[in-house]
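Below: one structure, written as C-alpha cells.
Protein chains in written order, with my numbering: chain U, 2 to 115; chain X, 273 to 383.
Here is the structure:
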C-alpha cells in the first residue's frame with residue numbers, strides 16, 4: 002500500500018512570496034489533515050477535510066493560508082504572503098476511519114522563509 | 273481547547289532498561305490517545321493508540337496506560353534498543369475530533 006505523498010520536499014522562499022504544497026493521501030482515505038511542525042515542537046493541526054468538505058480550520062491563519070481538496074482526493078495548501086515565522090515542516094496526514102483516529106503522515110515539506 | 277503536556281522533554285537510558293514518558297491532558301471529553309515516534313528528518317509514525325474505554329494496551333515491548341480520572345496517560349517501552357532512539361509525541365483527541373500533540377520527548381538509548 003502506497004503511503005501519503007507530498008511535494009515538494011524542500012522549499013526556500015523570501016518573505017512576502019507565495020508557496021503551495023501538494024498532498025496525495027493513501028488511496029481510499031476520506032479524511033485529510035494539514036499540520037504545521039515548527040522545529041522542536043509537536044505538529045499543530047491547521048485544517049481537516051472529510052472528503053472535499055472542511056471539518057475544522059479553526060487554527061488556520063486565514064489571512065494568509067488557504068487549502069482546498071476539490072475532488073475529495075489530493076489537496077493543496079497555500080501561503081500568501083509568507084512570513085519568517087512560517088518556516089516549518091508542513092505535514093499532510095490521512096485516515097480511513099475519520100475523526101482524529103489512525104492518522105498516517107506523509108514525509109512533509111520543509112519550508113524556509115528568508 | 274485541549275492542552276497536552278508531556279514529560280520529560282529528554283530521556284536517556286541504557287540499552288535494555290525501561291523508558292516511561294508521561295502526558296497530561298486538559299479536556300475531560302478527550303477520548304482517543306495515540307503515540308507517535310519521529311526519527312530525525314522523518315515523518316511521525318503511529319506506534320500505539322488507546323481509546324478512553326480501555327485502561328491499558330500492550331504491543332510487544334510497548335504499552336500505554338490511561339487514567340481518565342487524573343487525565344494522564346503514559347508510554348512504557350521495555351528492553352530498550354538503540355533503534356528506539358527518536359522523539360516521541362503523545363496526543364489527545366477531544367470531542368471535536370481535533371488531535372492536539374504534546375511537545376515531544378527525545379529518547380536516547382545508549383548501547
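Idealized CB from N, CA, C, for every residue including glycine.
- Contact list for the stretch 95-107 of chain U against chain X, Cβ threshold 8 Å: 99, 100, 101, 102, 103, 104, 105, 106 and 107
- Spell out the partners DSSP gives residue 279 of chain X in its beta bridges. Walking along the second chain from the start, residue 279 of chain X turns up at place 7. DSSP output for residue 279 of chain X lists X:294 as bridge partner(s).
- When X:369, X:320, X:351 and X:308 are compared against residue 381 of chain X, the one with the closest alpha-carbon: Residue mapping note: residue 381 of chain X aligns to position 109 of the second chain, counting from 1. Among X:369, X:320, X:351 and X:308, the Cα nearest to that of residue 381 of chain X is on X:351.
- Query: Among the residues of its own chain, which have a CB less than 6 Å from the CB of residue 335 of chain X, if the five just before and after it don't count?
  - Reply: Locating residue 335 of chain X in the second chain gives position 63, counting from the first residue. Cβ within range, chain order: 348.
- Can you pull the chain X residues whose beta carbon is under 7 Å from the beta carbon of residue 54 of chain U, in chain order? Translated into the one-based positions of the first chain, residue 54 of chain U becomes position 53. Simply none; closest approach about 13 Å.
- Message: Let me see if you follow: with CB-CB separation under 8 Å, is residue 47 of chain U close to chain X or not?
- Response: Numbered from its first residue, the first chain carries residue 47 of chain U at position 46. False, the Cβ-Cβ gap to chain X never drops below 8 Å.
- If you draw a straight line from the alpha carbon of residue 314 of chain X to that of residue 326 of chain X, how long is it in whole angstroms? Your numbering for residue 314 of chain X matches position 42 in the second chain. Your numbering for residue 326 of chain X matches position 54 in the second chain. Approximately 30 Å between the Cα atoms of the pair.
- residue 286 of chain X and residue 358 of chain X closer than 8 Å at C-beta: Here residue 286 of chain X refers to the residue found at position 14 when the second chain is read from its first residue. Here residue 358 of chain X refers to the residue found at position 86 when the second chain is read from its first residue. The answer is no: Cβ separation not under 8 Å.
- Query: Out of curiosity, what's the CA-to-CA distance linking residue 84 of chain U and residue 40 of chain U?
  - Reply: Taking the first chain and counting its residues from 1, the one referred to as residue 84 of chain U is at position 83. Taking the first chain and counting its residues from 1, the one referred to as residue 40 of chain U is at position 39. Taking the straight line joining both Cα atoms gives about 16 Å.
- Could you spell out the range, first to last residue, of the beta strand (DSSP E) harbouring residue 350 of chain X? Position 78 of the second chain, counted from the start, is the residue given in the question as residue 350 of chain X. From DSSP, residue 350 of chain X is part of no beta strand (DSSP E); its letter is neither H nor E.
- Message: For residue 54 of chain U and residue 353 of chain X, I'd like the C-alpha separation in whole angstroms.
- Response: Here residue 54 of chain U refers to the residue found at position 53 of the first chain. Here residue 353 of chain X refers to the residue found at position 81 of the second chain. Between residue 54 of chain U and residue 353 of chain X, the C-alpha separation is close to 43 Å.
- What whole-angstrom Cβ distance do residue 331 of chain X and residue 320 of chain X have, given they're in contact under 8 Å? Within the second chain, residue 331 of chain X is the residue found at index 59, counting from 1. Within the second chain, residue 320 of chain X is the residue found at index 48, counting from 1. About 5 Å; that satisfies the 8 Å criterion.
- Task: Would you kindly work out how many angstroms separate the C-alpha atoms of residue 291 of chain X and residue 283 of chain X, rounded to a whole number?
- Result: Numbered from 1 along the second chain, position 19 holds the residue referred to as residue 291 of chain X. Numbered from 1 along the second chain, position 11 holds the residue referred to as residue 283 of chain X. When rounded, the distance between both Cα atoms is 8 Å.
- With distances taken between CB atoms, is the gap from residue 19 of chain U to residue 80 of chain U smaller than 8 Å? On the first chain, residue 19 of chain U is found 18 positions in, with the first residue counted as 1. On the first chain, residue 80 of chain U is found 79 positions in, with the first residue counted as 1. Yes, these two residues count as a Cβ contact at 8 Å.
- Item | Simplified DSSP assignment, three categories, for residue 86 of chain U | Numbered from its first residue, the first chain carries residue 86 of chain U at position 85. DSSP places residue 86 of chain U in helix when its eight states are reduced to three.
- Query: Can you tell me whether residue 109 of chain U is buried or exposed, with buried defined as 16 or more other CB within 10 angstroms of its CB?
  - Reply: Here residue 109 of chain U corresponds to residue number 108 of the first chain, with the count starting at 1. So residue 109 of chain U ends up on the buried side.
- Item | Pair within 8 Å by beta-carbon distance, residue 324 of chain X and residue 303 of chain X | Taking the second chain and counting its residues from 1, the one referred to as residue 324 of chain X is at position 52. Taking the second chain and counting its residues from 1, the one referred to as residue 303 of chain X is at position 31. For residue 324 of chain X and residue 303 of chain X, yes; Cβs fall inside 8 Å.
- Applying a beta-carbon distance threshold of less than 9 Å, which residues of chain X neighbour residue 92 of chain U? On the first chain, position 91 is the one that residue 92 of chain U refers to. Residues of chain X passing the Cβ test: 315 and 316.
- Message: Below 8 Å on the Cβ atoms is my contact criterion, and I expect residue 375 of chain X with residue 43 of chain U to pass it. Report the Cβ-Cβ distance as a whole number of Å.
- Response: Stepping through the second chain from its first residue, residue 375 of chain X is reached at position 103. Stepping through the first chain from its first residue, residue 43 of chain U is reached at position 42. Going by Cβ atoms, the distance from residue 375 of chain X to residue 43 of chain U rounds to 6 Å, so yes, they are a contact pair.
- List the endpoints of the continuous beta strand (DSSP E) containing residue 54 of chain U. Looking up residue 54 of chain U in the first chain gives position 53. Its beta strand (DSSP E) spans residues 54-57.
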